[in-house]
Amino acid sequence: WQRWSLHDEL
Amino acid sequence: MNVFRLTGDLSHLAAIIILLLKIWKSRSCAGISGKSQILFAIVFTTRYLDLLTSFISIYNTSMKVIYIGCAYATVYLIYMKFRATYDGNHDSFRVEFLVVPVGGLAVLVNHDFSFLEILWTFSIYLESVAILPQLFMISKTGEAETITTHYLFCLGLYRALYLLNWIWRFYFESFFDMIAIVAGVVQTVLYCDFFYLYITKVLKGKKLSLPA
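Just so you know, the sequences run in chain order C and U.
Numbering-wise, our numbering puts -12 at position 1 of the first sequence, and it's gapless, one number per residue.
Numbering-wise, our numbering puts 209 at position 160 of the second sequence, and it's gapless, one number per residue.
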């Protein structure tokens, strides 16, 4: 798994 | 985007609108913790600074603007317009006991030691405990207006739906964010006793009253 680089959630 | 995240966002939006309408229509913020609303305004402000730096989608940007706008409008209604109806005596939770540890944790445990990332992490941690002053106030007054319980139910449901969204994204997109997930679990767990009271009492038409 990887981490989200850009927080695309609210 | 998946169905859990979309319904989660809509549940969150519904909660924010329900609260704003309740205060505006009844011209009263009785039973509402102004401290929790200030914490939510801080949560949105620190989390959505990326409005200035990155564009993700029309949906993302418009929802962030709506959340921030409604949060500050709610704080304005509580502390300015209808401040005569603000029940400061029962809204006595010491929020510094939340903000300081959360701030320290955000500096220690984060994905990236950068300004925006630490603010985002602070916002995630703060949101998980921001409802405590409101739940504390209800435990002190021993009751809550039914419309307030609907607000709290939608607000609690939103992060529970986000937990399902993260399971979905882990399974289908093999991505997950431990900080958001752990904070989301804590946040949802804090609502459990309220959910129990809401389902066993409010949904049966009774008023939500706690054994004082």
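Quick reminder that beta carbons are idealized off the backbone N, C-alpha and C, glycines included.
It should be emphasised that the depicted structure is a prediction, and the values quoted were computed from it without experimental measurement.
The DSSP assignment places 227 to 239, 241 to 249 as complete runs of the alpha helix (DSSP H) inside the segment 211 to 256 of chain U, in order along the chain (cut-off: 4 residues). By the Cβ-count criterion, U/ARG208 is buried, with 16 or more other Cβ atoms from all chains shown falling within 10 Å of its own Cβ.
Take U/VAL156, set aside five residues on each side of it, and the residues of its chain with a beta-carbon closer than 7 Å to its own are ILE167, in chain order. Taking a Cβ-Cβ threshold of 9 Å, the residues of chain C close to U/TRP169 are HIS(-6), in chain order.
The beta-carbon of U/MET112 is placed less than 7 Å from the nearest beta-carbon of chain C.
The distance from the Cβ of U/THR123 to that of U/LEU69 is about 6 Å, consistent with a contact at the 8 Å cut-off.
By the rule that beta-carbons nearer than 7 Å mark a contact, U/ILE105 touches chain C.
For U/HIS139 and U/TYR200, the gap between their C-alpha atoms comes out near 19 Å.
Judged by their CB atoms, U/GLY152 and U/SER258 are not nearer to each other than the 7 Å cut-off. U/ASP58 is positioned such that its CB atom lies closer than 7 Å to that of C/LEU(-3).
Note that the segment 169 to 183 of chain U touches the segment 225 to 242 of chain U; at least 3 beta-carbon pairs, one per stretch, sit closer than 8 Å. Residue state for U/SER258 is assigned as strand, using DSSP reduced to three classes. With contact defined as three or more Cβ pairs closer than 8 Å, the segment 245 to 257 of chain U and the segment 92 to 112 of chain U are not in contact. For U/PHE185, the enclosing alpha helix (DSSP H) has its first and last residue at 181 to 190.
Exclusion of the five residues before and after U/PHE171 leaves THR95, VAL151, GLY152, ALA155 as the residues of its chain whose Cβ lies within less than 7 Å of its Cβ.
Around U/ARG54, the beta-carbon contacts reaching into chain C at under 9 Å are GLU(-4), LEU(-3). Within 10 angstroms of the beta-carbon of U/GLY137 lie fewer than 16 other beta-carbons, which makes it exposed. Taking every protein chain shown into account, the CB of U/ARG54 has 16 or more other CB atoms within 10 angstroms, so this residue is buried. Comparing C-alpha distances from U/ILE127 to each of U/LYS71, U/GLY254, U/LEU206, U/PHE221 shows the shortest one belongs to U/LYS71. Residue pairing by DSSP puts U/ALA193 in a beta bridge opposite U/LEU257. Taking 7 Å as the cut-off, the Cβ atoms of U/CYS119 and U/ILE196 do not count as close. Not one beta carbon of chain C lies nearer than 7 Å to the beta carbon of U/ASP161.
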